[in-house]
Structures are given as structure tokens and as C-alpha cells.
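Enquirer:
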Amino acid sequence: MGINTAFSIVGLSLDMIGVIIIFLFGISPKLDIEGQTNRVTGEINNDEVRKAKCYRYLSWTGLFLVFFGFFMQLLGQLTK
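Residue 11 in my numbering sits at position 19 of the sequence shown, with consecutive numbering throughout.
1. Is the beta carbon of Gly61 closer than 7 Å to that of Leu16?
2. By a C-beta neighbour count over all protein chains shown, 10 Å radius and 16 as the cutoff for buried, is Val41 buried or exposed?
3. Rounded to the nearest angstrom, how far is the Cβ of Leu57 from that of Ile13, given a contact under 8 Å?
4. Report, in whole angstroms, the separation of the C-beta atoms of Gly3 and Ser51, which I expect to be a contact under 8 Å.
5. Is the beta carbon of Ala(-4) sitting closer than 7 Å to the one on Thr53?
6. DSSP three-state label for Ile36, please.
7. What does a CB cutoff of less than 8 Å around Met64 pick up in its chain, not counting 5 residues either side in sequence?
8. Identify the continuous alpha helix (DSSP H) that holds Met8 and give its terminal residues.
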């Protein structure tokens, strides 16, 4: 197995992991997919703030993995 094949395999793997992460965490946590309505109050829910930060971090991580995977595939093609 050559270096170009290794780059392509690693790149495709990172792309798939990134897409799965974006699929799971890319939806805004402010949206309730069960259709429930919430009452808006002036209180701040620290658990929701922490959850929103986690979702934002994971969605950006997934996007980074997709781009880095593409870069690895590009390197695999350029090293032929």
C-alpha cells in the first residue's frame, strides 16, 4: 500500500466521521424536534447553555474533520 492510498483511506475515514458528527450535532439545540413548545422566561438555564456550547463545539469539529479529510484525499491524489 502506497502513501497515496493511505492518505485517501485516512481522508475518507475522517470525512465519514465528520459527516456523522455533523448529522448528530449540527441541528441547532434551540429547535425541539419533538414539536413541544416552551415558555420563555428571563431565567438562564446553565444546563442548556452548556449543551449549546457542546453542540457548537461538536458541529465545528465535524466540519473541520470533513475539510481535513478532503485535504488528506487531495494529498493522496497529488502524491501519485
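Each residue gets a CB set at the ideal place from its N, CA and C atoms; glycine is no exception. As the structure is a computational prediction, the values presented were derived from the model and not from experiment.
Expert: In short, the structure shows the following:
1. Leu16 places its beta carbon 7 Å or farther from that of Gly61.
2. Classification for Val41: exposed.
3. Rounded, the Cβ-Cβ distance is 7 Å, consistent with contact.
4. The distance from the Cβ of Gly3 to that of Ser51 is about 20 Å, inconsistent with a contact at the 8 Å cut-off.
5. A small correction: the amino acid at residue -4 is Asn; Ala does not occupy that position in the sequence shown. It is not a contact, given that the beta carbons lie outside the stated cut-off.
6. It is coil, neither helix nor strand.
7. Excluding residues within five positions, the ones whose Cβ falls inside 8 Å are Phe(-1), Ser0, Val2, Gly3, Leu6.
8. Run containing Met8: -5 to 17, per the alpha helix (DSSP H) assignment.
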